[in-house]
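Just below is one structure, and these are the notes that go with it.
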Amino acid sequence: MLLALGKVAAITLLLMSAFQFVKTLFYPNITIIETHISTVAFTTLLAVFAAFFVFRNQQKLLKAMTAEVYERRRAEEALRNRTDELARVHRQLEASHREANLYLDILTHDIGNTENVSNLYAELLIGTLDGEPAGYAKKLKRSIAKSIEILGIVSKIRRIHAGLPLLRPTDLDEAIRAEITNFPEALIRYEGAPRQILADDLLSEIFGNLIGNAVKYGGPGVEIAVRVGERDGEVLVSVEDTGPGIPDADKQAVFHRYEQQKRGVGEGLGLYLVRILVERYGGRIWVEDRVPGRPEEGAAFRFTLRETTGGG
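The numbering of the sequence shown is full-length UniProt numbering, which starts it at 1 and goes up by one.
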């Protein structure tokens, strides 16, 4: 607006100067009345020109502002529509999530009850059968036990993903010792000391799965060592075994095998649970050779945990 008025003033000054020059040059004897009349006429002409010029620029500016307002309203309307659509989809997802959880709860409860009954009858069969039929009954019992184990892990994973963790100071030494007692026939050496770390009541699942894997895949006479130390201000825990070890190509994938669907029935669930629990507690986990450079001489699972200070 100011730029347009400046242009009009400059042009007006230029034209008025030109008018005075022409009048003096060509009409030196013009009367006062004629001077007034010509001046009024010329001024009127300039005013009309200035009004037209300003109006044209204002009209362009108004059109631009109108178009901008229109586009902004269209954008706001599109945003409202998008927000409404997202809210509707969110409500549908919440409803579907609640319904899916309901079905999972029912299935978990009913399947758990059915498996417990099946396990009881399998034990009764083992006690009443001999020879080959007894062997079949034992295999049936192991299969049912595996199914119960898988169902328990899935339930724990669902619980972990259900919401934010409620971590609290937890006695690491107590959790490890309690889990070791669940493997009375295993050769386990424990080197640790009382430490308070941030965790919850699922902490023991880490050691149950790591020790259980070492016992399961390590073969007869496998030796297991659980060590607790410190590294870079964090608690460092190692669970080592003298089993067949893990090839270098599988050291990264072993914690993601369940997600990658490279598994048999239930395979990979335990280490997947271990990984998400360690990450839940603010740590990280990896696997190394027990003897560096010799993967065939056993594996060493190492992970970090956060230690509490000042009572948590």
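We put the CB at the ideal spot given by N, CA and C, even for glycine. These figures come from a predicted structure and were not determined experimentally.
D250 is positioned such that its CB atom lies no closer than 8 Å to that of V222.
In this structure, I160 keeps its C-beta atom at 8 Å or more from the C-beta atom of G270. Cα atoms of E205 and L129: separation of roughly 35 Å, rounded to the nearest angstrom. The criterion of a C-beta distance shorter than 8 Å is satisfied by L277 and L202.
Taking a contact to require three or more Cβ pairs closer than 8 Å, the segment 138 to 156 and the segment 164 to 184 do not qualify as touching. Per DSSP, reduced to three states, the secondary structure at A186 is coil, with no helix or strand assignment. Distance check between R294 and each of A67, G243, E230 places G243 closest, using alpha-carbon atoms only.
Counted as a single uninterrupted DSSP element, the alpha helix (DSSP H) harbouring I180 occupies residues 172 to 180. Counting every other CB atom within 10 Å of its CB across the protein chains shown gives R231 a total below 16, marking it as exposed.
Comparing C-alpha distances from D200 to each of D110, N116, Y281 shows the shortest one belongs to Y281. Nearest C-alpha to V239 among A78, R73, R158, V287: V287.
Less than 8 Å divides the Cβ of V215 from the Cβ of A186.
Per DSSP, I148 is one residue of the alpha helix (DSSP H) stretching across 131 to 161. Beta-bridge partners assigned by DSSP to T304: L236. The alpha-carbon of I180 is positioned some 7 Å away from that of I188.
Here I246 carries a coil assignment [DSSP, helix/strand/coil].
Residue pairing by DSSP puts L198 in a beta bridge opposite P169. Bounds of the alpha helix (DSSP H) holding R275 are 269 to 280.
Per DSSP, G221 lies in no beta strand (DSSP E) segment and is marked neither H nor E.
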